[in-house]
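Below is one structure, written out as structure tokens; the observations come after it.
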């Protein structure tokens with residue numbers, strides 16, 4: 440099950456537009472966060488786990504619901520009688536993407552779905568360029584993305600079904616899309 444189980448919703452950033460990146464050493468757009476690790480903010484919720492278990496779920500795939508590129512997800516067993524060492528089936532199962540911007544950043548771009556798609560395409564091109572060693576400065580986001588693409592089986596793209604055909608035409612990814 441695709442969920443945000445055990446992850447607190449991010450708090451909204453301040454008011455007013457932001458045109459530059461707020462993080463030094465990371466990607467130029469704050470809505471791109473492949474380095475975000477859900478396990479860093481994961482907190483098991485026994486009450487929610489019991490409710491999901493009653494609905495027939497034994498495991499969930501959870502992630503941080505923030506940004507166009509949201510970072511890694513984790514597969515969690517809904518076991519109230521264990522600790523996280525037994526509950527975490529896999530701490531890095533998926534890389535999550537969305538067309539929604541981060542609520543923690545006020546950066547204005549992208550401002551549309553097409554802008555999000557363009558940003559994703561640019562990010563993948565930048566990652567290839569970075570991996571080829573074409574720059575001397577460090578970019579922790581692109582390093583995380585390049586690490587991810589070598590071992591992730593799936594890429595989770597949060598999108599309405601009506602956009603799937605458009606995505607296939609416009610965004611040729613080298614990942615499996617769930």
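Numbering (this note's numbering), first residue to last: 440 to 617.
Heads up, the beta-carbon is just placed ideally off N, CA and C, and yes, glycines get one too.
Per the DSSP calculation, residue i is bridged to which residue(s)?
i           : result
residue 441 : 500
residue 476 : 511
residue 471 : 508
residue 542 : Answer is none; residue 542 lacks a bridge partner.
Residue range of the alpha helix (DSSP H) that residue i falls in?
i           : result
residue 558 : 552 to 570
residue 493 : 485 to 493
Closest by CA to residue i, which one among the options?
i           : options               : result
residue 461 : 514, 486, 547 and 447 : 547
residue 451 : 564, 540 and 574      : 540
residue 446 : 485, 456 and 459      : 485
residue 473 : 568, 559 and 573      : 559
residue 443 : 534, 503 and 551      : 503
residue 499 : 524, 521 and 529      : 529
residue 533 : 459, 567 and 584      : 584
residue 551 : 538, 456 and 543      : 538
residue 501 : 483, 489 and 495      : 483
residue 526 : 565, 567, 557 and 488 : 488
residue 517 : 549, 497 and 531      : 497
residue 520 : 464, 492, 536 and 542 : 492
residue 455 : 576, 575, 545 and 578 : 545
residue 567 : 576, 557 and 588      : 588
residue 562 : 495, 580, 523 and 531 : 580
residue 586 : 570, 577 and 575      : 570
* Asked: Three or more C-beta pairs closer than 8 Å, one from the stretch 503 to 518 and one from the stretch 467 to 475: is that the case here?
  -> Flag = yes, the stretch 503 to 518 and the stretch 467 to 475 touch.
* Continuous beta strand (DSSP E) assignments of at least 3 residues falling wholly in the stretch 505 to 534 -> As far as the stretch 505 to 534 is concerned, its whole beta strand (DSSP E) runs of at least 3 residues are 508 to 516.
* Asked: Would the stretch 508 to 528 and the stretch 474 to 492 be scored as touching if the rule is three or more Cβ pairs under 8 Å?
  -> yes
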